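Visitor: If you scroll down you'll find the structure; I have some questions about it.
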Ligand SMILES: Cc1cc2nc3c(=O)[nH]c(=O)nc-3n(C[C@H](O)[C@H](O)[C@H](O)COP(=O)(O)O)c2cc1C
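Residue numbers (this note's numbering), protein chains in the order written: chain Y, 1 to 129; chain U, 1001 to 1527.
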């Protein structure tokens, strides 16, 4: 099963745009993100930390050589977010009617194929995948 | 039976297999009830757990990973950095191949213009299987040693004969195998030190010409730059190149030590737009040259082809080959005699020669090594009485001054080295010339790697290397009691174990053929 290049790049761009946007809201400190990180007990340090990881992942997703690592980081942060929604936040956060969870699943569904298609580029373990 | 202290990987792996999910659940709890930060660990362990599942049940390629899961990764990780660990930490100064650390260090020091004395004693083995040079009890004064001079093409009385003023030349390496900057640095270094550089079989020597050094234009079996559609010789194109003032000689490559009987290989990763244009080849596939020139199918057609090239070029024309059957070579020489056509030089490439890319079995197991081939060729040329009709060059790991002097003593008039000059450029022997990943930018076309190679600075290293070689040549000749390079002969060698063909010479040190240039001369009254 081979994913066409165009599809792969579309996935990378979509994922990068969403988490890039998410990173910006964290750095700016929008009410929503402050609300979330307060609920998680990570305000403000955790907000910046996750924002930085997301920003790195977003920029890596926009290259061909590092997209696999970017996808891995994107998946990692999204898994963390999933845990947050499951344990503290629930589906509807701050009256967003599930928009955040939607975005999260879009990132997961675009980043996973990128990681799979480009897994050989991962450092250290790439050659055995 | 396993000793008590031995590691039972299977048990550890089974433990790890259990430990990961247990740890995962634990940190998930801690993360939930204590601090959300622990979920960083939760996510990491979750990914590790998935990776482990994939290794054990998903992939089938690696038995170790199926059996031991992610723990077995340790082996692959260690293996993947093995070459670096060995090179940096664990291999001693004499074990690395093709050039051990001592040999490389000597070139590096010369290239940097540093003093190259060593202390306490030799690292070499003195078991009686190494070739050594015999010094004389009565050395020649260093300042009385005649400068090297060799006129290629004088036998044919060519007005375009080329005079070499240094016994070492840069051996063929094509633009394509080398990066632009490597070509430039070599060519500029050659210009600075006045030596001759072989272009390699990379087609029209655009970048070489811009540096203005003396060039030998090489024509490989695919004749890049001078071919017709069908691979035959395009005489006008050759003539045009040979007319350039900087182009002093033409070399017909019949075969190469690292892959005799196989044409050149240029992997497609290394074919840039410019390279495809200079060679006239497509970019999307590996370029594989044919194993022989279309025109050369036997001795007679080969000699006729040499003749044609000489006429088209109007400058000295040599051939390069790796010896297989001495008998075949003898046949070729007889054919030269009967047609009255001799190349202006023959260059013998030892099987230990290097390459940008070759199949391993060719590199390892085909062709005669230089120390067997060169004496055989000398013997045949002398026996046929034609040693004085042409010049003899050779190559094969001749990167140090002493090895070069050994080759000159075995009968070569001048030597070639490719890898000696690569090392001078800063090659670290990463062994990736075929992969477009050369970390020092010499054998790659990847611009971000080529960036690291500074042409001006590296060309100075080439020059320093040449100066260092010259300095040592003079010192060696002086200690051997020779007044001229032409005085070097087998009598200067101690070579108890040169096998087969070579042995004949070593055991009869005095050449019997009066035509042999210079080697009858007795220097300094010693003999
Ligand atoms: C990177 C590289 C490229 C080479 N390209 C050519 C070539 O184009 N044509 C050729 O005849 N030999 C080529 N050779 C072989 C060298 O010219 C030379 O014959 C051989 O390496 C032996 O010399 P050395 O042991 O001093 O390196 C190449 C060698 C290397 C290492």
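Backbone N, C-alpha and C define an ideal beta-carbon position, used for all residues, glycine too.
Treat the numbers as computed from the prediction; the structure is a model and nothing was measured.
Going by DSSP in three states, residue 1214/U sits in which element: helix, strand or coil?
Guide: Within the second chain, numbered from 1, the residue matching residue 1214/U stands at position 214. Correct three-state label for residue 1214/U: strand.
Visitor: Assign residue 1504/U to buried or exposed, taking buried as 16 or more other Cβ atoms, counted over all protein chains shown, within 10 Å of its Cβ.
Guide: For the purposes of this step, residue 1504/U is identified with residue 504 of the second chain, where counting begins at 1. Interpretation of residue 1504/U is limited by its pLDDT of 47, a score under 50 that renders its predicted location unreliable; the figure taken from the coordinates is listed afterwards. So residue 1504/U ends up on the exposed side.
Visitor: Measure the alpha-carbon distance for residue 1261/U versus residue 1295/U and round it to whole angstroms.
Guide: As a first step, residue 1261/U must be located in the second chain, where it is residue number 261. As a first step, residue 1295/U must be located in the second chain, where it is residue number 295. Looking at the two C-alpha atoms, the distance is approximately 15 angstroms.
Visitor: Taking 8 angstroms as the CB-CB limit, is residue 1310/U close to chain Y?
Guide: Working through the second chain from its first residue, we reach residue 1310/U at position 310. It does not: the Cβ of residue 1310/U has no partner Cβ on chain Y nearer than 8 angstroms.
Visitor: Tell me, to the nearest whole angstrom, how far the beta carbon of residue 1356/U is from that of residue 1433/U; I am working on the premise that it is less than 8 angstroms.
Guide: Reading the second chain from its first residue, position 356 is the one you call residue 1356/U. Reading the second chain from its first residue, position 433 is the one you call residue 1433/U. So it is a contact: roughly 5 angstroms between Cβ atoms.
Visitor: Here's a check: name, in chain order, each residue in its chain whose Cβ is nearer than 7 angstroms to the Cβ of residue 1472/U, leaving out the five neighbours to either side.
Guide: Translated into positions along the second chain, residue 1472/U becomes position 472. Cβ neighbours of residue 1472/U beyond the five flanking positions: 1401.
Visitor: Which residues of chain Y have a Cβ atom closer than 9 angstroms to the Cβ of residue 1076/U, listed in chain order?
Guide: Here residue 1076/U refers to the residue found at position 76 when the second chain is read from its first residue. 124, 125, 127 and 128, listed in chain order.
Visitor: Would residue 1279/U and residue 1176/U qualify as a contact pair, given that the criterion is a beta-carbon distance under 8 angstroms?
Guide: Along the second chain, one-based indexing puts residue 1279/U at 279. Along the second chain, one-based indexing puts residue 1176/U at 176. Going by C-beta atoms, residue 1279/U is nearer than 8 angstroms to residue 1176/U.
Visitor: Compare the beta carbon distance of residue 1152/U and residue 1267/U with 8 angstroms and say whether it is the shorter of the two.
Guide: The residue given as residue 1152/U occupies position 152 in the second chain. The residue given as residue 1267/U occupies position 267 in the second chain. For residue 1152/U and residue 1267/U, no; Cβs fall outside 8 angstroms.
Visitor: Less than 8 angstroms between the C-beta atoms of residue 8/Y and residue 114/Y, yes or no?
Guide: Position 8 of the first chain, counting from 1, holds the residue named residue 8/Y. Position 114 of the first chain, counting from 1, holds the residue named residue 114/Y. For residue 8/Y and residue 114/Y, yes; Cβs fall inside 8 angstroms.
Visitor: Is residue 1533/U helix, strand or coil by DSSP?
Guide: Because residue 1533/U is not part of the residues shown, which for chain U are 1001 to 1527, the question remains open.
Visitor: Just the C-alpha distance for residue 1241/U and residue 1369/U, rounded to the nearest angstrom, thanks.
Guide: For this step, residue 1241/U is matched to residue 241 along the second chain. For this step, residue 1369/U is matched to residue 369 along the second chain. Cα to Cα, residue 1241/U sits roughly 33 angstroms from residue 1369/U.
Visitor: The beta strand (DSSP E) with residue 1345/U in it runs from where to where?
Guide: Position 345 of the second chain holds residue 1345/U. Residue 1345/U -> beta strand (DSSP E) spans 1345–1349.
Visitor: Cβ atoms of residue 1093/U and residue 1101/U: under 8 angstroms apart, would you say?
Guide: Residue mapping note: residue 1101/U aligns to position 101 of the second chain, counting from 1. Residue mapping note: residue 1093/U aligns to position 93 of the second chain, counting from 1. Yes, the pair counts as a contact, with Cβ atoms nearer than the cut-off.
Visitor: In chain order, what residues of the same chain have a beta carbon less than 7 angstroms from the beta carbon of residue 1206/U, not counting five sequence neighbours either side?
Guide: Counting from one through the second chain, the residue named residue 1206/U turns up at place 206. Within the same chain, residue 1206/U has close Cβ partners 1278.
Visitor: Measure the CB-CB distance between residue 1036/U and residue 40/Y and report whether it falls below 8 angstroms.
Guide: Against the second chain, residue 1036/U aligns to sequence position 36. Against the first chain, residue 40/Y aligns to sequence position 40. Yes, the pair counts as a contact, with Cβ atoms nearer than the cut-off.
Visitor: Since I believe residue 1292/U is in contact with residue 1221/U (beta carbons under 8 angstroms), could you give me their beta-carbon distance rounded to a whole number of angstroms?
Guide: As a working note, residue 1221/U is residue 221 in the second chain. As a working note, residue 1292/U is residue 292 in the second chain. Indeed, because the Cβ distance is near 6 angstroms, the residues count as touching under 8 angstroms.
Visitor: For residue 1160/U versus residue 1314/U, is the C-beta distance shorter than 8 angstroms?
Guide: Here residue 1160/U corresponds to residue number 160 of the second chain, with the count starting at 1. Here residue 1314/U corresponds to residue number 314 of the second chain, with the count starting at 1. Yes, the pair counts as a contact, with Cβ atoms nearer than the cut-off.
Visitor: Which whole-angstrom value is the C-beta distance of residue 1223/U and residue 1363/U, which I expect to be below 8 angstroms?
Guide: Translated into positions along the second chain, residue 1223/U becomes position 223. Translated into positions along the second chain, residue 1363/U becomes position 363. Going by Cβ atoms, the distance from residue 1223/U to residue 1363/U rounds to 24 angstroms, so no, they are not a contact pair.
Visitor: When the Cα of residue 1458/U is compared with those of 1054/U, 1182/U, 1066/U and 1030/U, which residue comes out closest?
Guide: What you label residue 1458/U is simply residue 458 of the second chain in a count that begins at 1. Comparing Cα positions, the closest option is 1182/U.
Visitor: Contact check, residue 1464/U vs residue 1237/U under 8 angstroms by CB: the rounded distance?
Guide: Locating residue 1464/U in the second chain gives position 464, where the first residue counts as 1. Locating residue 1237/U in the second chain gives position 237, where the first residue counts as 1. Rounded, the Cβ-Cβ distance is 36 angstroms, inconsistent with contact.
Visitor: Any heavy atom of ligand 1 within a distance shorter than 7 angstroms of the CB on residue 947/U?
Guide: The structure shown has nothing for residue 947/U, since chain U only spans 1001 to 1527.
Visitor: Have a look at residue 1286/U and residue 1251/U and give me their C-alpha separation to the nearest angstrom.
Guide: On the second chain, position 286 is the one that residue 1286/U refers to. On the second chain, position 251 is the one that residue 1251/U refers to. Taking the straight line from one Cα to the other gives about 24 angstroms.
Visitor: Measuring alpha carbon to alpha carbon, tell me which of 1436/U, 1053/U and 1454/U ends up nearest residue 965/U.
Guide: The question about residue 965/U has no answer here: the residues shown for chain U are numbered 1001 through 1527.
Visitor: Quickly, what does DSSP pair residue 1233/U with across the bridge? List them, please.
Guide: Your numbering for residue 1233/U matches position 233 in the second chain. 1227/U.
Visitor: Suppose you measure from the CA of residue 1502/U to the CA of residue 1372/U; what does that come to, to the nearest Å?
Guide: Along the second chain, one-based indexing puts residue 1502/U at 502. Along the second chain, one-based indexing puts residue 1372/U at 372. Residue confidence is low: residue 1502/U scores 45 on pLDDT, short of 50, so the model does not pin down where it sits. Its coordinate-derived value is still stated next. So the two alpha carbons sit approximately 5 angstroms from each other.
Visitor: Beta carbons nearer than 7 angstroms to chain Y: which residues of the stretch 1055–1074 of chain U have them?
Guide: Cβ contacts with chain Y: 1062, 1065 and 1073.
Visitor: Taking buried to mean at least 16 other C-beta atoms within 10 Å of its own C-beta, is residue 1338/U buried or exposed?
Guide: Start at 1 with the first residue of the second chain, and residue 1338/U comes out as number 338. Looking at its Cβ environment, which holds fewer than 16 other Cβ atoms inside 10 Å, residue 1338/U is exposed.
Visitor: Spatial neighbours of residue 1114/U within its chain, please: CB distance less than 6 angstroms, with the 5 preceding and 5 following residues excluded, ordered by chain position.
Guide: In the second chain, counting from the first residue as 1, residue 1114/U sits at position 114. Excluding sequence neighbours, residue 1114/U sits near nothing in its chain.
Visitor: Checking 8 angstroms against the spacing of the C-beta atoms, do residue 23/Y and residue 51/Y come in under that value?
Guide: For this step, residue 23/Y is matched to residue 23 along the first chain. For this step, residue 51/Y is matched to residue 51 along the first chain. Yes, the pair counts as a contact, with Cβ atoms nearer than the cut-off.
Visitor: Using a C-beta cutoff of 8 angstroms, does residue 76/Y count as contacting chain U?
Guide: Translated into positions along the first chain, residue 76/Y becomes position 76. Closer than 8 angstroms: yes.
Visitor: Given that a residue counts as buried once 16 or more other Cβ atoms are within 10 Å of its Cβ, and exposed if not, what is residue 1256/U?
Guide: Within the second chain, residue 1256/U is the residue found at index 256, counting from 1. Buried, since its Cβ has 16 or more Cβ neighbours within 10 Å.
Visitor: Using the C-alpha atoms, what's the distance from residue 1429/U back to residue 1088/U?
Guide: For the purposes of this step, residue 1088/U is taken as the residue at position 88 of the second chain. For the purposes of this step, residue 1429/U is taken as the residue at position 429 of the second chain. If you take the alpha carbons of residue 1088/U and residue 1429/U, they lie about 12 angstroms apart.
Visitor: Can you check which of these residues, 1345/U, 1395/U and 1419/U, is closest to residue 1386/U by C-alpha distance?
Guide: Within the second chain, the letter at position 386 stands for residue 1386/U. Among 1345/U, 1395/U and 1419/U, the Cα nearest to that of residue 1386/U belongs to 1345/U.
Visitor: Taking one C-beta from the stretch 1053–1063 of chain U and one from the stretch 1028–1035 of chain U each time, how about it: are there three or more such pairs within less than 8 angstroms?
Guide: The stretch 1053–1063 of chain U, when compared against the stretch 1028–1035 of chain U, does not touch it at the 8 angstroms Cβ threshold.
Visitor: Any contact of the stretch 61–76 of chain Y with the stretch 9–28 of chain Y, i.e. 3+ C-beta pairs under 8 angstroms?
Guide: Enough Cβ pairs lie closer than 8 angstroms, so yes.
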